[in-house]
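For the sequence shown, our numbering assigns the number 211 to the last residue and increments by one with no breaks. These notes are about the structure you will find just below.
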Amino acid sequence: MGTMERYAKVGMQELDQRLAKIVEAARKQPVSVYRYGAPWVWIVSQDDWQSALKEVASCIPPGHSLVLLKPRVEETLLAHDEILNALARSSGMTISPHTLMHLLLLQLLYSVPSEKQLYEQLNYNLLFRWFVGLELKSRVWNFSLFSHDLNAVLASEQAVRLLQSIVNEVCCGALLQMPEFSLNLALLHSWLAKHSGQGGPNNHA
């Protein structure tokens with residue numbers, strides 16, 4: 007225990023002199039290396055590093071509304087797997103249609119005003135990354151690909167009506183009373199307005 011305590015924080019000179027011992031200590035507890043009196047890097051074990059890269063979920067508050075919402079959203083999307091997969095094939099999508107539906111739901115739930123801002127959120131918002139299935143080490147798609155695939159979903163009346171169904175049937179009641187949500191129904195209606203035959207209830211059955 008004494009060794010672990012001693013090497014919780016070290017300077018560059020000590021790092022040079024005692025590297026082997028410090029690396030050994032880092033297998034049990036991360037070591038912060040200081041340079042010119044300021045934090046510089048951490049030395050961590052491979053297991054700790056791999057765990058940190060994989061576990062975006064560990065950063066998400068367990069009682070958050072999205073945590074309650076996600077299983078119900080995924081259950082609904084799985085029930086429409088055939089429609090979404092057919093859309094992916096016909097549109098030449100690279101991004102999973104399930105991921106794209108999650109993205110559009112985030113845009114609605116948080117009133118994200120543009121796809122550009124939605125894209126930017128994926129680069130730094132851990133909650134958004136977790137909801138769409140991106141891990142910490144996952145690279146976000148380039149914007150042109152992201153924009154193409156997102157608009158392919160919005161060009162599908164069936165997909166947009168499925169989003170409407172999720173909003174009406176899943177994102178309802180107490181969940182939408184949570185302060186973190188600011189549902190943008192006007193945006194959803196603008197997506198719907200681009201398609202004809204808006205009243206057909208069998209389109210999302």
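Don't be surprised by glycine CBs; every beta carbon is placed ideally from N, CA and C.
Legend entry - the region 131-139 contacting the region 158-176, beta-carbon criterion three pairs below 8 Å: No, the region 131-139 is not in contact with the region 158-176.
Inset, instruction - Please report the residue range of the alpha helix (DSSP H) in which E80 lies. - result: Working through the sequence shown from its first residue, we reach residue 80 at position 74. In the DSSP assignment, E80 falls within the unbroken alpha helix (DSSP H) covering 71-85.
Inset, instruction - Starting from the Cα of H108, find the closest Cα among H201, S51, V176 and give me that residue. - result: If you number the sequence shown from 1, residue 108 lands on position 102. Comparing Cα positions, the closest option is V176.
Inset, instruction - Tell whether a beta-carbon distance below 8 Å holds between L128 and L140. - result: The count along the sequence shown starts at 1 and reaches residue 128 at position 122. The count along the sequence shown starts at 1 and reaches residue 140 at position 134. Cβ atoms of L128 and L140: closer than 8 Å.
Inset, instruction - Leaving out five residues on either side along the sequence, give the residues of the same chain with a beta carbon under 6 Å from the beta carbon of E80. - result: Residue mapping note: residue 80 aligns to position 74 of the sequence shown, counting from 1. Around E80: no qualifying Cβ.
Legend entry - Touching by the beta-carbon criterion (3+ pairs, under 8 Å), the region 142-156 and the region 94-104: Between the region 142-156 and the region 94-104 there are three or more C-beta pairs closer than 8 Å, enough to call the two in contact.
Legend entry - Separation of V37 from K143, as counted between CA atoms: Taking the first residue of the sequence shown as 1, we reach residue 143 at position 137. Taking the first residue of the sequence shown as 1, we reach residue 37 at position 31. Taking the CA atoms as reference points, K143 sits about 21 Å from V37.
Inset, instruction - With DSSP as the reference, please indicate the residues paired to I49 in a beta bridge. - result: By 1-based counting over the sequence shown, the position of residue 49 is 43. V37.
Legend entry - Helix, strand or coil at L59 according to DSSP, with G and I counted as helix: Here residue 59 is taken as the residue at index 53 of the sequence shown, counted from 1. Its pLDDT being 49, under 50, L59 is placed unreliably in this model, and the value from its coordinates should be taken loosely. L59: helix per DSSP, three-state reduction.
Inset, instruction - Specify, as a first and last residue, the run of the alpha helix (DSSP H) that M107 falls within. - result: Residue numbering aside, residue 107 sits at position 101 when the sequence shown is read from its first letter. M107 -> alpha helix (DSSP H) spans 103-115.
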